[in-house]
Structure formats: structure tokens, C-alpha cells
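There are 2 protein chains.
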Amino acid sequence: MTETLGSTGEFGFIEAATKSLPQGEDVLVGPGDDAAVVAVPDGRMVITTDLLVEGRHFRQDWSSAYDVGRKAAAQNLADIVAMGARPTSIVVGFGGPADLPTAWALELQQGLGDECELLGVSIVGGDTVQSDKIIVSVTAFGSLDGRSPVLRSGARPGDEVAVAGRLGWAEAGFAVLNRGFRSPRTVVEAHRRPAPPYAEGVRAALAGASSMCDVSDGLLADLTHIAVASEVLIDIRSAALTIPEPLQAVASATGADALTFVLTGGEDHALVATFEPADVPDTWTVIGTVAVGNQTHPSGTVTVDGQPYAGPTGHTHFRS
Amino acid sequence: MTETLGSTGEFGFIEAATKSLPQGEDVLVGPGDDAAVVAVPDGRMVITTDLLVEGRHFRQDWSSAYDVGRKAAAQNLADIVAMGARPTSIVVGFGGPADLPTAWALELQQGLGDECELLGVSIVGGDTVQSDKIIVSVTAFGSLDGRSPVLRSGARPGDEVAVAGRLGWAEAGFAVLNRGFRSPRTVVEAHRRPAPPYAEGVRAALAGASSMCDVSDGLLADLTHIAVASEVLIDIRSAALTIPEPLQAVASATGADALTFVLTGGEDHALVATFEPADVPDTWTVIGTVAVGNQTHPSGTVTVDGQPYAGPTGHTHFRS
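For the protein sequence lines, the chains are D and W, in the order given. Numbering follows the UniProt record's numbering, in which position 281 of the first sequence is assigned residue number 281; successive positions increment by one, without gaps. Numbering follows the UniProt record's numbering, in which position 216 of the second sequence is assigned residue number 216; successive positions increment by one, without gaps.
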């Protein structure tokens, strides 16, 4: 008989899930008490939270439990590095139906743990409840190690806009899966398991990035957050955006526009930041400029080649 | 037309929900960026997380949105105070269907905010997604202000067991609601909106509590956590447990045992702790003793009047 969450029970599952969790030096009290205690050496804790819901953020027939775990951790860790911080720990809320195989939940946990292990991050606590649909709630923590956080509001006219990481891959993978296909494999894998450029967040902060955020809603949507918070106009040069071959292949096969994947696809968790021109790290690609808003294109606007982008500008929850 | 999450949209809702959030002195970066930044004066952050799911942890016909918010905040803040810490901030993940009235979500937010305001706690960030059932995920943070955390593992033979706060009220309220009644009002209100004895956590820590936890699964279940973690035998004296009049009324009306409400009812978020006899604060009630386990009742066991308790010992998720 397959063990399920119902037969294992809440405490049995928690025991199985936590017994082999590696705990880093920063963890003063790990899982198993009312709360965890984590050292915050410089006295400032960076905090972010994301909720993933089955059917909305993942599908069991498209993604394995392990992949869902990797993705849930990755998107939170990307938010921490987008502040210029070093991720240290996460806590996980998990909901699932009583008939969910316990193995599924443990594979999810393994995915979370493996993504965390890339960065030496510890899973320090969590909560497990029963719910009809699978729910994964991750809250991630990071340390600034004495640096200032890199906010969305610091972009200045004259700065260059640069990106690190992939754009449009996850969206192309979604388009493929949505049509019932499983290839090109690279974009499908990108949808299942993002690969944020973790090391580039601290690198950008050390290089003096004036603003930064991770690309979770789409390049244009997330740059708009920077343009609004910084009260500037941002212009992207489309020629600076390379369109990788797999994205061109998907665009041809699905009748989509490959540039739209790059400009509006989220969930790759690339990083986008602004720098004074001399400060851009050589691991980053310059794709545009920051200017003062004008009458045609006011501050808070993002243009592509000097014009508003005509296509959709990224997804938003609730609206369909 | 009633505004719904679908018509308001994710960003519209977030703007409405965060525009008037009071932010305490500890909040260095509040809502609106990739992550929040919170000051942790003594370099150690206390962290806990809880997930509430509609139908499992609350019902819209039993609890108002405002009550759900109060309860979601309260149960997390209780975990922070159960470590002997001072709650400082929370983040909130929220999921709801597109046709949920925006007013419902804002009332939930108001409930969260009002519970937090009791303790000067700030809501520093969150995430909002679409889901069929309403989901509220709260992660709460606290500061030890230089003290050691009070763990579950520190109870010592010779200590006294003491409680602060209400026991069995929420469970009696649940029993009433479950039968379709709405009174006694005091227990129904206790189910809807717990009133944890927040000030008693730090008081117990300062008094030298050797172990502490909050009563979320039921007194016997949570004391068992202490007995197991501390490797001791705990005995409760039933005569020391007062049975309040409303609980007796519910027990009479439903054919239940009022003592069972007190011993096994969770969700009032009372605090239970162990102290050396001279250290028990006068705001706490002594209800039992800590001893070395023996052959009949080994360490890790909780007895009532020297005997294993014959009734159910508290709820567990997944098992029904």
C-alpha cells in the first residue's frame, strides 16, 4: 500500500521531512520548536515570501514534485539576491490532500533542499496542513553583510540598464507545454526549474548597482516597477536582446513572437539592474538606458526602441 | 457592481492593502520591493510560519474575514512569544478566487493589522495569488532582545508546570458551531478570535522558565512535545484545572466532557511552561509537576492524576 499524507500523519511527515535537514552555522534553533532562531550577523534581516498553488503555478502532469520544490525555493531566493543580499534560510508552509503519496511530499522537500544547498541555505522550519490543492508557501531570508540593500527606487538618468540570466525561456516552455508538447527540452526544463543567476545579485551590489529587481512578471513589467519607483523613463534597445535559438524555434512552431517571450516572459528569475555606465559588471548585458521622463513618455514608463511596446506586457494574477 | 479580486487585479489589491500599513521603527524597507528589510537589534531573528486554509482552519459562514485575519496573526504571534521573544513583524501570503469580493480581502488585512497593532508589530510584505480556496500564510518574526530563547527541551525534574491563558474555549466554540448553534457567545468568539496571553511569554522568560510552548494542538499534545524534547515525565493535576462556566454549559448541552475540552482543545494559544517552583510568575497557574520517567510512565509521557489520559489527546492534521 502506498503511504499517503493521511496514513503517515502530520507529525510522521514532519519527522520524515526534517530528520535529515542540514542546518548551517547561522541556525541557532532549527526545526521542531515553536519557532526557529537564525543569526543575523549585521542586525538586518532581508525577508520575502511567495505562495505557489497547484493548477495556478504548477501542474502535477507538467512538473515533478522535485521540480516544484526547486522552483518554489528558486523564486524566493531570487528575490533575496535581487536586494543584493546573501540568502541564509527559508521556512516552508505545505498543504496537500490526505491521499497525496507521502513520497510526493518528500520529493518536493528534496527539491527545496537541493535548490537551497546550491547557496548553503538552511530550511529552518515550516508548517504542514491538509488542503484540497497542493500549496507551497516559502518565506526566504537573507543577510546584507553590511551592504545597503539595492532597491527598485535608485535608478538615475544616465544609468545603463543591464540583465543577468535568461529571459523568455520559461515562458516559451509554458507555451510548448500548453500545446501538449514536450520539446524543445531546454525551454520545458526552464519552465519546470528556473536557474536564477544567484551570484550576480551580490556582484551587482558590490559593483554599485543603483537599482535592481528580479524578473518574475516579465522584463517590461518588472522594469516598469523600477521606472515607477525611481521616477524615470527606461528605454530598451531590442537589438541588444539576443533571441536564443530554442525561443526562435518555439515562436516559429507556435506562431508567437520570440521577442515577446523575451520582453514579457516571467519566471526565469533573471536579474535586471541599473548602473552608472562604468560600473556594469562584465557578466551582465547592457540592454537599455535610464532617462528623465518627457511629455511623450513620462517618468514611470518603459519604452522599446523609443516607443511603447505594442504587445502584452506580462501577466498579472486574478485578471485573465 | 461589487469589486472582486478579479476586477481589482493583483497590483490594485496590493496597492489598496499596503497603502496605509503602519511601519514600526524596526522596518528598514517595507512592502513594495523584492523583499523587506527588518532590523534585528540583537542579531538573532525568531521565525515561525503557519498556513490557514478555508474549510480546514476556518469557514466563511462561521468566521468573518476580519476574524480570520485576527486568528491568522494571533496563532503566529503566539508562537513567537512562546519562545520568550517580542514579535516585531509579519509577512502574509494570500490566495483567493477571482470572484472573492475585494472588501473581504481588505477586511482580512484589517484583522491581521489590528492583531499586530496590539503588539506594535508591522506587516512588512506579502504575496497575493489566485486560488480556488482562500489561503492565508503568515510568517512572523521576533526579537529576543538579548535573552536566550525558551525551548521545549529545557524542562527539568522538580519543575512545576504552569499555564497562562484560556484552555478549551475555542474547542467548546467549535463544538457549538459544529452543531449549528451560535451560543454561548463567549466560546464562539473564542473560536473565531483567540486571545493569546501575549505579555506572559516575555514575563515567563524573564522569570526563568525552563521550557515553554503555546497550546495550539491541545494541552496534553503540547505538553507531550515538552516531555519528549526534555526527556521527562509530566503529570497534570486535574483539580488544578478550573472548568469555566461556559465550558460546563457546552459540555452539558452536547454530552461532551468539559475536562476533555480543557485537556485536548487547541487554538486558544494559551502558553504552557515549566519553572523552578519559586520562579512561577503570579499571573500563571500551576497545574502539574515534572519528574523523571519510570518503568510504568517513561520519559516523554504526560499523565493526568498519575494515569494516562483515556480520552482523545488533541487533533492532528491529515488523520481524521
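Using N, Cα and C, we set each Cβ at its ideal position, and we do this for glycine too.
Looking at C-alpha atoms only, which residue of the options is the closest neighbour of residue i?
i	options	result
A53(W)	D42(D), G93(D), N178(D), R166(D)	First, the residue type needs correcting, since residue 53(W) is Val and not Ala in the sequence shown. Of the candidates D42(D), G93(D), N178(D), R166(D), the one whose C-alpha sits nearest the C-alpha of V53(W) is G93(D).
A227(W)	T303(W), D282(W), H57(W), V91(W)	T303(W)
F174(D)	G32(D), F58(D), D79(D)	F58(D)
C213(W)	A207(W), P97(W), A221(W)	A221(W)
L263(D)	I90(D), Y309(D), L177(D)	Y309(D)
S7(W)	E231(W), Q130(W), A140(W)	Q130(W)
I10(W)	G43(W), G146(W), A98(W), L21(W)	Note that residue 10(W) is Glu in the sequence shown here, rather than Ile. E10(W) has its Cα closest to that of A98(W), out of G43(W), G146(W), A98(W), L21(W).
T2(W)	A105(W), G55(W), V91(W)	A105(W)
V38(W)	G142(D), H191(D), L77(D)	G142(D)
D42(W)	E200(W), L144(W), P196(W)	L144(W)
A190(W)	V81(W), P87(W), G30(W), H269(W)	H269(W)
E231(D)	L28(D), R152(D), E245(D)	R152(D)
S137(D)	A170(W), V91(W), N178(W)	V91(W)
R166(D)	E245(D), V46(D), D257(D), I80(D)	E245(D)
Looking at the structure shown, is residue i part of a helix, part of a strand, or coil, going by DSSP?
i	result
T48(W)	strand
G113(D)	helix
S216(W)	coil
S183(D)	coil
V286(D)	strand
G9(D)	coil
V232(D)	coil
S320(W)	Per-residue confidence for S320(W) stands at a pLDDT of 36, beneath the threshold of 50, marking its modelled position as unreliable; the derived number appears in the next sentence. If DSSP states are grouped into helix, strand and coil, S320(W) belongs with coil.
residue 331(W)	No answer is possible for residue 331(W): the residues shown for chain W start at 1 and end at 320.
R152(D)	helix
I90(D)	strand
T301(D)	coil
D222(D)	helix
G173(D)	helix
I80(D)	helix
I14(D)	helix
P101(W)	strand
S63(W)	coil
Which same chain residues end up closer than 7 Å to residue i when comparing Cβ atoms and leaving out the 5 residues on each side of it in sequence?
i	result
T289(D)	E160, V161, D235
R193(W)	D67, R70, K71
T301(D)	A227, L233, G293
V40(W)	S143
Any beta carbon of chain C sitting closer than 8 Å to that of residue i?
i	result
L151(W)	Considering every chain present, this structure includes no chain C. Its protein chains are D and W.
Between which residues of its own chain and residue i is the CB-CB distance below 8 Å, once the five residues before and five after are set aside?
i	result
L100(W)	T4, L5, I134
L259(D)	S238, L241, I243
R182(W)	V176, V188
A249(D)	P184
E117(D)	P22
V280(W)	E160, A162, A207, V286
G32(D)	T18
S89(W)	G24, D26, V27, A36, V38, V121, S122, I123, V124, A140, F141
Using only the heavy atoms of the ligand COA, determine whether one of them is closer than 7 Å to the beta carbon of residue i.
i	result
G96(W)	Among the components of this structure there are no ligands whatsoever, and the ligand COA is therefore not found.
Alpha carbon to alpha carbon, what distance is there between residue j and residue i?
i	j	result
G306(W)	S299(W)	13 Å
A65(D)	E107(D)	6 Å
P184(D)	G265(D)	17 Å
A36(W)	T102(W)	24 Å
E276(W)	G208(W)	8 Å
E115(D)	Q109(D)	10 Å
D218(W)	W62(W)	For the record, residue 218(W) in the displayed sequence is Gly; it is not Asp. Their Cα atoms are separated by approximately 21 Å.
G120(D)	G24(D)	7 Å
G55(W)	T48(D)	27 Å
G96(W)	S148(W)	39 Å
Q75(D)	H297(W)	48 Å
I14(W)	G126(W)	9 Å
G111(W)	T139(D)	21 Å
M83(W)	G30(W)	25 Å
E200(W)	G168(W)	18 Å
D79(D)	A278(W)	49 Å
Output needed for residue i: all residues of its chain with C-beta closer than 6 Å, excluding positions within five of it in sequence on either side, in chain order.
i	result
A291(D)	P157, L233
T274(D)	A155, D159, V161, S210, S211, V290
**Study point:** Under 8 Å (Cβ pairs) to chain W, residues found in the region 287-315 of chain D
**Key:** none
Exercise for review: Anything in the region 12-45 of chain W with a Cβ closer than 7 Å to a Cβ of chain D? List those residues in chain order, please.
Suggested key: L28, V29, D33, D34, A35, A36, V37, V38, A39, V40, P41, G43, R44, M45
Review point. Taking Cβ-Cβ distances below 8 Å as the criterion, which residues of the region 48-63 of chain W are in contact with chain D?
Key: Those residues of the region 48-63 of chain W that come within reach of chain D (Cβ to Cβ, closer than 8 Å) are T48, T49, D50, L51, L52, V53, G55, R56, H57.
Point to revise | Contact residues within the UniProt domain "PurM-like C-terminal" (156-293) of chain W, judged by C-beta distance below 7 Å to chain D | key: Answer in chain order: C213, D214.
Review point. Just by C-beta distance, which residues in the region 118-135 of chain W are closer than 7 Å to chain D?
Key: V124, G125, G126, D127, T128, V129, Q130, S131, D132, K133, I135
Check your understanding: Between the region 92-105 of chain D and chain W, which residues of the former have CB atoms less than 7 Å from a CB of the latter, in chain order?
Key -> G93, G95, A98
Practice item. Give the residues from the region 69-82 of chain W that approach chain D closer than 7 Å (Cβ to any Cβ), ordered along the chain. Key: D79, I80, A82
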